[in-house]
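Structure first, then comments.
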Amino acid sequence: MSSLRTLLAAWLMLSSGGTAWAQLPDTEADKPEADKPAEASAAATPEEPPITVEPCAQALPALRMPLAFMPGEVLEFDLDAMGAQAGKMTLRVQKQQDGQIPVLAEAQTNSFFSKVRRVRGSATTWLHPKTLRPKRYVEDATENEMRRKVEVAFTHKDRAIKVDYQIGQRAKGQYNYTYDKDGLDVAGSIYLLRQLPLEENMSVCFDVYGVRRLWRMQGQVLKKEQVTTPLGQFTAWHLQGTAVRLDRPKQKREVHVWLSDDARRLPLAAVGTLDLGAVRATLTSVSRPGEKRQEAGPGKEEMKW
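For the sequence shown, the residue numbers in mature numbering (1 follows the signal peptide of the UniProt record, and there is no 0) are -22 to -1, 1 to 283.
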């Protein structure tokens, strides 16, 4: 899906999360299996068994409580690609609906980047208020006038993920996946990461849905770092991970995420890779109920670490 692809690249998850992974399009990730060149298919022989992805050594740990976020929280990000500002992304925590916490992610490319790819879209994940595991995830985006819609259902009892999608006027399609120990989506993973009991050298591993595919995120908490952002200076946890596409393990995405080391656990920045090259999401505005709005002003420093 086009609108949330920077999340997968830039967040991920580690998000991946990420958020995730709104996302700019990733042509290679979106390419159907039938489009692979014949020589690539011939490369796999009976003597060469298919590459498999190592399972997670353990499930995610119990989450910290209380939640670091609440309904009404709005986070705004600048998206950068190929060294230039590409657009904006906003994450909104909404009021509970039917016992779930909806989180809305919206993204749009700016006029400059729209000359490369014009993207506008949204994604909503519905999270369990105690486990932050998703029940449902929906994307609706338009890329260069082509509309893409995806609806994803999670059945955690069976560790199953059902994906229904449609691109433009093409026939509807479906994928069915089974995840290993933890199954997340690219947007919701950001919020779950904020609740982990982070400590140096801690390993993190989970499966994440993004771009109509299932990816395994294997990461590690590196250390605390002092970072300078458009919102000021923070002590932040630096998480590093690699997202591996389960049905095509040679396709990988390296991700770096910085979370503030305070009660809010703000996702300050995420850096990843796409077919476009390096992409980055940088937090530029924080609005939370009962707190003064934080916003980057003119002349504020770029992200430094």
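For glycine and all other residues, C-beta sits at the position ideal for the given N, C-alpha and C.
Excluding sequence positions up to five away, which residues of its chain have a Cβ less than 6 Å from the Cβ of Arg172?
Ala46, Arg243
Rounded distance between the beta-carbons of Asp118 and Lys127, thought under 8 Å:
5 Å
In whole angstroms, what is the alpha-carbon distance linking Glu51 and Val264?
7 Å
Who are the near neighbours of residue 301 in its chain, counting only those whose CB is closer than 8 Å to its CB and skipping five residues on each side?
With the chain represented from -22 up to 283, any question about residue 301 goes unanswered, as that position is not in the structure.
For Ile139, count neighbouring Cβ atoms within 10 angstroms of its own Cβ and tell me buried if that reaches 16, exposed if not.
buried
Determine the DSSP secondary structure at Tyr153, reduced to helix, strand or coil.
strand
From the DSSP output, which residues share a beta bridge with Asp118?
Ser100, Lys127
Meets three-Cβ-pair contact criterion under 8 Å: the stretch 181 to 189 and the stretch 157 to 166
yes
Name the residue from Arg125, Pro80, Phe132 whose alpha carbon lies nearest to the alpha carbon of Ala149.
Arg125
Entirely within the stretch 143 to 211 and at least 4 residues each: give me those alpha helix (DSSP H) ranges in chain order.
166 to 171
Thr213 - DSSP class collapsed to helix/strand/coil:
strand
Expressed to the nearest angstrom, what Euclidean distance is found between the alpha-carbon atoms of Leu110 and Asp76?
14 Å
Determine the burial state of Ile29: buried for a count of at least 16 other Cβ atoms within 10 Å of its Cβ, exposed for fewer.
exposed
Straight-line Cα distance separating Gln86 from Pro99
Position check: residue 99 holds Gly in this sequence, whereas Pro was assumed. For Gly99 and Gln86, the distance between alpha carbons rounds to 7 Å.
Could you give the distance in angstroms between the alpha-carbon of Thr133 and the alpha-carbon of Leu53?
29 Å
Three-state secondary structure (DSSP) at Val31?
coil
At which residues does the beta strand (DSSP E) containing Leu237 begin and terminate?
230 to 238
What residue from Leu38, Leu200, Val235 has the CA that sits closest to Ile168's CA?
Val235
Who pairs with Lys140 in a beta bridge, going by DSSP?
Ala131, Asn154
Look at the alpha carbon of Pro245 and the alpha carbon of Gln144, and state the distance between them as a whole number of angstroms.
31 Å
Lys73 to Glu178 span [Cα, whole Å]
34 Å
By the DSSP assignment, the beta strand (DSSP E) with Thr59 in it spans what residues?
It is worth fixing the name first, because residue 59 is Ala in this sequence and not Thr. First-last of the beta strand (DSSP E) with Ala59: 52 to 59.
Going by C-alpha to C-alpha distance, which of Glu273, Pro227, Leu38 sits closest to Leu209?
Glu273
Residue from Val222, Arg223, Asp239 whose Cα sits closest to the Cα of Ala214:
Asp239
Between which residues of its own chain and Leu217 is the CB-CB distance below 6 Å, once the five residues before and five after are set aside?
Leu(-9), Gly197, Val199, Val235
Lys66 - partner residues in DSSP beta bridges:
Asp56, Gln86
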